[in-house]
Amino acid sequence: MSIAGERSPQPELGLLDATMIGMGAMIGAGIFVLTGLAAEIAGPAAILVFGLNGIVTGFTALSYAELAAAIPKSGGGYAFVREIFPDRPAFLMGWMLWFAYMIAGALYALGFAPNFLELLHVYGLAAAPGEAGAIAIPGLGVGVPIRVALAFVAVAGLVALNAVSTAASGSVETVFTITKVSILVVFVAFGLTSPMFEGAQFQPLFTAEGGAFALLPAMGLTFIAFEGYDLITTVTEEVKNPRENIPKAIVVSLVVTVAVYLAVVAVAIGTIGASGLAAAGEAGIAAAATQFMPTGLPIIRNGGALIVFGAVFSTLTALNAVVIASSRVSFAMGREGQLLPRMGQLHHRFGTPLLAIVASGAVMLGSVVLPTESAGNMSSLFFLLSFVVVNGAAIKLRRERPDMHRPYTMPYYPIPPLLGIAANLLLAGVLVVTLVRTDPLAIGLSVGWLVVGALAFELARHAGIAGAGTDKQTAGEGEA
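Just so we're aligned: the sequence shown equals residues 5 to 484 in this note's numbering.
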């Protein structure tokens, strides 16, 4: 192994960059396409759905913040579990997280494609997404759907950017995230000042069938929109002053994101009503914008076009964030000896985990052929399971190392991690039961990935190479 490959990542990202990575991942296409679907399930109580999901995910966010301050190592949840659990559960945690981020990347790429086509359609540059054809592959006599080709290009482009520069990818994330948040702020501002909002009706709150019980399936549907703050911890060693900045970035990104979500949902329901939002389905936010935003705007022709523009930026920032995160998880696993050692090396010229980025990107590229729904279901399931383990790690670390240096400690311990475990297990159980009936492909691929990982670990262990990384006791305690 070369000396260049053994060097540590350089801290090039500030508090703003770290915060934008979290917000960029959370404020993806979810708020644009899931709001109408949530209203269809829960009625006006959709606003409660987003608020309650913010609280539920906040429990796990507190565990992430405490663990990141105590264990300032890249790799996110994997690094924390590796610190306190034996080799096998640590490997499986990393294996699950790596898969979840890569499949989420495919999901965001597949979300980017139709939004980009719709944006081109608005300006008369392309057919509507539903009318898009295929691109012929010379010599093979087959065609690739345009949406798959666009998803492929988006992944390849961001993988290339991340491969050559961490700072550049972080700057792109910051600019894109600020752009899309600004678009949502404009949406909210026009909505709140619209005459349509003056007669806003939020009562009765529970109009959907099932009453308050309709909240649970709606929360399960929209939970993916709150996944993203954890990505900040995957680049811990690339953030300046991580013990202080990582917890701040986690809290700020989640609080701002929840506030933006609540404002957007309130405006959408307050202007066109829950029934109008539900009728529009995945285009709910765009439908609301078309109703109250002015037409004939410079460059952006109308409110609907503005929202499509925002959706394009949202999917790209979310995709960029998971390219960063997936590669850092595999980099951490390689450095710990739980994947190929070369995965844990930095490129001698670019200073990035090049092989980890390329490997993660290759899986994403191969996954863009999956149905969008299956990709979303698989990523949600693995994130929920990994959040259960992270909350367990926070409790285990407190018990076994009570005197460990913790620059940040969560309030009201152990209530947040216990509630986080219970809530994530509940949502994961509901999702599994649903997938067994409705999405056997997602269940089959999920089980298959876990089986492959378990077999790979056992083979490597018998060969004497699994878990042969750095000493797990050095991180966090060495700086106590």
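Cβ atoms here follow ideal geometry from the backbone N, Cα and C, with glycine treated the same way.
Residue environment, residue i, which counts as buried when at least 16 other CB atoms sit within 10 Å
i	result
GLY145	Caution applies to GLY145, whose pLDDT of 49 falls short of 50 and renders its modelled position unreliable; the value that the coordinates give is listed next. It is exposed - the Cβ of GLY145 has fewer than 16 other Cβ atoms within 10 Å.
ILE107	buried
LEU463	exposed
ALA441	Per the sequence shown, the amino acid found at residue 441 is Arg instead of Ala. Classification for ARG441: exposed.
LEU129	exposed
ILE328	buried
GLU419	Looking at the sequence provided, one finds Ile at residue 419 rather than Glu. Per the 10 Å Cβ criterion, exposed.
GLN342	buried
PHE386	buried
VAL326	buried
PRO13	buried
ARG403	exposed
GLN349	buried
VAL243	buried
GLY452	exposed
Residue i CB to nearest heavy atom of the ligand SAM below 7 Å
i	result
GLY338	Absent from the structure shown: the ligand SAM. Ligands present: none.
8 Å Cβ cutoff met for residue i and residue j
i	j	result
ALA309	VAL192	no
VAL179	LEU323	no
VAL316	ASN119	yes
LEU266	ILE425	no
LEU27	THR261	Position check: residue 27 holds Met in this sequence, whereas Leu was assumed. Yes, these two residues count as a Cβ contact at 8 Å.
LEU235	ALA29	yes
VAL60	ALA427	yes
SER331	PRO357	yes
GLY80	THR181	no
SER383	LEU111	yes
ALA291	ALA282	no
GLY277	GLN205	yes
LEU19	ALA253	yes
ALA117	ALA164	no
ALA218	ALA33	no
PHE335	LEU123	no
LEU188	ILE150	no
DSSP three-state assignment for residue i, whether helix, strand or coil
i	result
VAL373	coil
LEU129	coil
GLY145	Here GLY145 scores only 49 on pLDDT, less than 50, and its place in the model is too uncertain to base an answer on.
LEU17	strand
Range of the contiguous alpha helix (DSSP H) that encloses residue i
i	result
ARG410	Where ARG410 is concerned, there is no enclosing alpha helix (DSSP H), given that its DSSP letter is neither H nor E.
ARG247	246-284
LEU429	419-442
TYR68	50-74
TYR82	81-88
ARG339	307-339
LEU209	That residue, LEU209, is in no alpha helix (DSSP H); it is neither H nor E in DSSP.
MET151	Just to set this straight, residue 151 is Arg in the shown sequence, not Met. Looking at the DSSP string, the run of the alpha helix (DSSP H) that includes ARG151 is 150-168.
GLY232	Segment: none, GLY232 is in no alpha helix (DSSP H) and carries neither H nor E.
GLY34	34-46
MET347	Taken as a continuous stretch (DSSP letters only), MET347 belongs to no alpha helix (DSSP H), as it is neither H nor E.
THR197	Where THR197 is concerned, there is no enclosing alpha helix (DSSP H), given that its DSSP letter is neither H nor E.
GLN295	288-296
Minimum C-alpha distance to residue i - residue among the options
i	options	result
GLU202	ALA272, ILE328, ILE250 and SER450	ALA272
THR197	PRO415, ALA270, LEU19 and ALA171	ALA270
ALA363	PRO199, ALA73 and MET337	MET337
ASN249	ALA69, GLY224, GLY34 and ALA155	ALA69
GLU16	VAL152, LEU369 and PHE354	PHE354
LYS184	ALA117, LEU20, PHE194 and LEU320	LEU320
VAL255	ARG92, VAL393, GLY58 and GLY32	GLY58
THR413	LEU41, PHE63 and GLY34	PHE63
LEU85	VAL392, VAL451 and TRP453	Inspection of the sequence shows that residue 85 is occupied by Val rather than by Leu. It is VAL392.
VAL157	ALA171, ALA113 and LEU123	ALA113
SER371	SER450, GLY18, MET200 and ALA33	SER450
PRO246	LEU359, ARG410 and ASP443	ARG410
ILE31	LEU350, GLU177, GLU340 and THR376	GLU177
ASP21	THR240, LEU439 and LEU445	THR240
ARG405	SER169, LEU344, GLY34 and LEU71	LEU71
ILE228	ALA104, ARG92 and SER78	ALA104
ALA42	GLY224, ALA171 and MET100	GLY224
GLY448	LEU459, LEU369 and SER378	SER378
LEU422	ALA65, PRO48, MET24 and ILE88	ALA65
LEU459	TYR416, VAL394 and ARG92	ARG92
PRO90	ALA222, THR275 and LYS400	LYS400
ILE45	VAL434, PRO221, ALA171 and GLY98	PRO221
TYR416	THR39, SER67 and GLY55	SER67
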